[in-house]
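Residue numbers (our numbering), protein chains in the order written: chain A, 1250 to 1425; chain B, 33 to 698.
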Amino acid sequence: MRVLRWTIPFGIFVVLVAFLWVGLSRDPREVPSPLIGKPAPTFRLSKLQAPGETLSPADLKGSVWLLNVWASWCVSCRVEHPLLVQLAQENVVPVYGLDYKDKPDDGRAWLAQHGNPYTASIVDRDGRVGIDYGVYGVPETFVIDKMGVIRYKQIGPLTDEALQDKILPLVRQLQQ
Amino acid sequence: MIPELGHFALILALLVAIVQSTLPLAGAALGAPRLMALARPAARAQFFLVVVAFACLAIAFASNDFSVQNVAANSNSQLPLHYRIAATWGSHEGSLLLWTLMLAGWTCAVTLFSRHLPPAFLARVISVMGLVSVGFLLFLLFTSDPFDRLVPPAPEGRDLNPLLQDPGMVIHPPMLYMGYVGFSVAFAFAIAALLGGRLDATWARWSRPWTTVAWSFLTIGIALGSGWAYYTLGWGGWWFWDPVENASFMPWLTGTALIHSLAVTEKRGAFKSWTVLLAIVAFSLSLLGTFLVRSGVLTSVHAFATDPARGVFILTFLALVVGGSLALFAYRASKVGLGGVFGVVSRESALLANNILLIVAMASVLLGTLYPLFLDALNLGKISVGPPYFDAVFYPLLAPAVFLMGIGPMARWSHASLPSLWTRLRWAFAVAVVAALVLPFTLGHWSPLIAAGLFLALWIATSSIVNLRDRLANSHRTGPLDKLAANSPSYYGMLLAHLGVAVFIVGVTLVKGYEIEQDVVLETGQNVTVGGYEFRFLGVRPGPGPNYRAVTGTVEVRRDGRLLETLHPEKRIFNASGQAMTIAAIDVGVLGDRYVSLGEPLVNDDLNGAWAVRVYLKPFIDWIWGGAFLMALGGLVAVSDRRYRLAVRRKAAPMLAASGAAASAD
């Protein structure tokens, strides 16, 4: 037992390394959303570009779509925007925008300036729909399947990696 | 061409490091002097090669060579020259190269100041440091090559992170790394002693100056980082318990414990295995800090580019170095024995208690830092641990350690008597208590925490005065100057460092107790009065900078209608990255700072309208850094002690022949 005492620091260190090892494979920025696997919260909001028309998740049943939360005041949205424009040109999956806590005029001007990748954008002026969707910060992107169930949520700007490795494979799988 | 030269120098450095880490070690085991003699020249050659590599990278940065990926990602042609050079260590790759450079530099320093060391011991020390160096060079060459080319070259660089474009940030990393890496010397001495099976007072005397110097650098490095956070993050905080800050603070706490425990081992031969363990832990925490910062396992405001492959490498390296050392410790330490005996009331006991408190405090910081990771690894959810945890755990642990700082230096070695301690210290104690109870009333409002903080600071000061007075009174010399000179520099260094702690505590206590923070919206010409000072906002004007556009505000500070200072807080938008940075304007004063920083304009892009302005009064905040610098200064004064050099001179004569031979072998 007396000899064992000297191995205590070593033992503690082994446990520490085991935890660090597991920690390496985790992404501390990945926050799990309780909404995954649940039906997308419903709403009916008017479209940004055509204020007379409205849109609801129910209208999109039967197709796989992305919901991208953006705003004209959001700086990181500019980072991901070129990816969305490119995605729209490839015509793989329709992207709907949720213009979050934004003035419609500003939103329209922003799209005119940076390009409009959205099949349609809807206006969430007071951010109420954002609350239903558990929006932490803009931008966020949801993948919603044919049954209207949220299958994936990206917090923060889309990256090429996230798009190619996670979102697009998932979309293709869901589209089948 | 120059980047290739740098890359080649790194490869050569790796080869030399392999030689340095194996042959002298084998020589020490076999008793072969010629193999052991390789240690010095190999260490110096490795240092030279790493300097060449570092210079090549600096040249690539200075000359805007955007065909080097590292330069293209972290510099920009508009960046002023001094920041281009500082950008050499602004990136992940560059900062690792700096780490390696420091390590090679410390090893080289060991070869220069080691005439008095037995050859086998020196060979082991240099080999151990070489082993660490091999790990870092492999890491550089295989996962983080700073010289990677970019094909085709970028027309322009992406710019250095604006937060790093600051004089404080230019010197903060080198200082911090000097400290971090400096603990590798104490570590190598400990491993060498374990390998050789000789753990005695001489070993502790050899380690002490190295440890103290490294600790002093680390202290300055941490203080610079904290000062930088204060004036550039724009919210006036000076410590955030951020994982990266904690990563530097844990080696500091352990290093502080190590300095004190080394003193006991040197003077009394006690705590031997504990001291060795501390030396191993201090450096292990430096490595762990590097892992935490570079692997991305924790989220932090220091969002460095991270990469899991690098994480795997550092973790493996960490496991080998630390695991190997602790295994060696487990194998050998049981044979070392515990060393001298001492009474319950004695300086040893006080220092032991101080050590335990410091290490428990370190463990609590470690736990808080890694707790989110533990929970996540066990699938128990995602949480973050913030200042409430650290404040609640840390201060109660450190308060008794600080209290002991008053008693420890007064207590005799081996056996002290409580009644005599009380007789000598009662006036110091009484003065500290009364002053701590009364002072808060004169400063503003009274609160128990402020009184407690002031008591600790005053207690250190008064007990130090008593200590010095007793020393002088008991001196056999005549004349006050003679009496002062009779004490060793290490004694004055200790007093100075302890006073530094007192000054630091005054700063922390008063800024926490009396700071006033107001976020206000001001139109041009409007006033706000905060704590008796009147701040008049005179609007902003835009202006160009070398590589940014700035908006500079003008704020006049008045007291009783008299103009004290005109402050110019700034917001900078960097051209290359579009990132914004806040430069607070601070009217610095010994009794407190007046701190103004610009928020945002109330209406976007309307520069001439109202602005959100933060106006803070930070009483005594500069004492925090002043205290830190006093501590570091104390460390440096202590190292100047003749005792360490006497040991050199005494052994110098017989060693001269040997070192002459080594010099000709160079």
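Ideal Cβ positions, reconstructed from N, Cα and C, are used throughout, including at glycine.
So T1256/A contacts chain B; which residues on that side make the cut at Cβ distance below 7 Å? Residues of chain B with a Cβ closer than 7 Å to the Cβ of T1256/A are, in chain order, A362.
Does DSSP put L250/B in a helix, in a strand, or in coil? For L250/B, the three-state secondary structure derived from DSSP is helix.
Are the region 360 to 368 of chain B and the region 302 to 311 of chain B touching by the rule of at least three beta carbon pairs closer than 8 Å? Yes, the region 360 to 368 of chain B touches the region 302 to 311 of chain B.
Same chain only: Cβ atoms within 6 Å of D625/B, ignoring 5 sequence neighbours per side: Only I618, K650 and I653 meet the Cβ criterion.
By the criterion of Cβ-Cβ separation under 7 Å, what are the contact partners of W1270/A in chain E? Protein chains in the displayed structure are A and B, and chain E is not among them.
Judging by CA-CA distance, which residue of A186/B, D274/B, T120/B and L170/B is the nearest neighbour of P420/B? It is D274/B.
Using a Cβ-Cβ distance under 7 Å, would V1384/A count as near chain B? No - not a single Cβ of chain B is within 7 Å of the one on V1384/A.
Quick one: measure Cβ to Cβ for V628/B and R646/B, integer angstroms, because I've assumed they're closer than 8 Å. That pair is a contact at about 7 Å.
Looking at the structure shown, is S1370/A part of a helix, part of a strand, or coil, going by DSSP? S1370/A: strand per DSSP, three-state reduction.
C-beta atoms of F1262/A and V84/B nearer than 7 Å: Their beta carbons are not under 7 Å apart, which means F1262/A does not touch V84/B by this criterion.
So G438/B and L481/B are supposed to be a Cβ contact under 8 Å. How far apart are they, rounded? Not really, about 19 Å apart at Cβ, beyond 8 Å.
Please return the same chain residues whose Cβ sits closer than 6 Å to the Cβ of R1374/A, not counting the five positions on each side in sequence. Once the five neighbours on either side are set aside, R1374/A has no close Cβ partner at all.
CA-CA distance, F336/B and H1363/A? Bear in mind that the predicted position of F336/B carries a pLDDT of just 41, short of 50, making it unreliable; the figure below should be weighed with that in mind. Taking the CA atoms as reference points, F336/B sits about 29 Å from H1363/A.
Between the beta-carbon of G525/B and the beta-carbon of A670/B, is there less than 7 Å? A670/B sits close to G525/B, with the two beta carbons spaced by under 7 Å.
Between the C-alpha atoms of V583/B and D592/B, what's the straight-line distance to the nearest angstrom? Distance between the alpha carbons of V583/B and D592/B is about 29 Å.
Residues of chain B with a CB under 9 Å from the CB of V1266/A: which are they? Within chain B, the residues near V1266/A are L347, L350, A351, V354 and G355.
When G287/B, F323/B, L294/B and H39/B are compared against A314/B, the one with the closest alpha-carbon: For A314/B, the nearest C-alpha among the options comes from G287/B.
Hey, quick one: how far does the alpha helix (DSSP H) through V622/B stretch, first residue to last? Per DSSP, V622/B belongs to no alpha helix (DSSP H) and is neither H nor E.
Going along the chain, which residues of its own chain have a beta-carbon closer than 7 Å to the beta-carbon of N519/B, five neighbours each way excluded? The beta carbon of N519/B sits closer than 7 Å to the beta carbons of R503 from its chain, once the five residues preceding and following it are set aside; these are given in chain order.
Is there a Cβ from chain A that is less than 7 Å from the Cβ of L634/B? Closer than 7 Å: no.
Do you know offhand how far A493/B's Cα is from P432/B's? Computed Cα separation, rounded: 16 Å.
Which ranges does the alpha helix (DSSP H) cover as unbroken runs of at least 4 residues, wholly within the region 55 to 107 of chain B, from first to last along the chain? As far as the region 55 to 107 of chain B is concerned, its whole alpha helix (DSSP H) runs of at least 4 residues are 65 to 68, 71 to 94 and 101 to 106.
Does any C-beta atom of chain B lie closer than 7 Å to the C-beta of F1292/A? Answer no: the Cβ-Cβ gap between F1292/A and chain B never drops below 7 Å.
For I1416/A, which residues of its own chain have a beta-carbon under 8 Å away from its beta-carbon, when the five flanking residues on both sides are left out? Sequence-distant Cβ neighbours of I1416/A in its own chain, meaning closer than 8 Å and more than five residues away, are L1315, T1390, V1392, Y1401, Q1403 and L1407.
Nearest-angstrom Cα distance between W643/B and V622/B? Rounded to whole angstroms, W643/B to V622/B spans 29 Å at the Cα level.
Chain-ordered neighbours of F1391/A on chain B, where CB pairs are closer than 8 Å: Proximity of chain B to F1391/A at the Cβ level (cut-off 8 Å) is not reached, the minimal Cβ distance being about 19 Å.
Do the CB positions of A246/B and F215/B come within less than 7 Å of each other? In this structure, A246/B lies near F215/B, with their beta-carbon atoms less than 7 Å apart.
Along the chain, which unbroken stretches of the alpha helix (DSSP H) at least 4 residues long are found entirely within the region 246 to 332 of chain B? Correct list: 275 to 300 and 304 to 327.
Counting along the chain, where does the beta strand (DSSP E) carrying P512/B start and finish? Per DSSP, P512/B is not a residue of any beta strand (DSSP E); the alpha helix (DSSP H) it occupies stretches across P512 to A518.
Let's test the definition: count the other Cβ atoms within 10 Å of the Cβ of S452/B and tell me whether it reaches 16, buried, or not, exposed. Exposed, because fewer than 16 other Cβ atoms sit within 10 Å of the Cβ of S452/B.
Sequence-distant residues of the same chain with beta carbon closer than 7 Å to I388/B, five excluded per side: The beta carbon of I388/B sits closer than 7 Å to no other beta carbon from its chain once the five residues preceding and following it are set aside.
Going by C-alpha distance, which of V1264/A, C1323/A and T1303/A is nearest Y1345/A? Restricting attention to V1264/A, C1323/A and T1303/A, the CA atom closest to the CA of Y1345/A is found in T1303/A.
Just the C-alpha distance for I203/B and G257/B, rounded to the nearest angstrom, thanks. Rounded to the nearest whole angstrom, the C-alpha separation of I203/B and G257/B is 9 Å.
Using a Cβ-Cβ distance cut-off of 7 Å, determine whether L294/B contacts chain A. False, the Cβ-Cβ gap to chain A never drops below 7 Å.
Can you tell me whether N1340/A is helix, strand or coil according to DSSP? Secondary structure at N1340/A: coil, using DSSP grouped into helix, strand and coil.
Simplified DSSP assignment, three categories, for G1301/A: DSSP places G1301/A in coil when its eight states are reduced to three.
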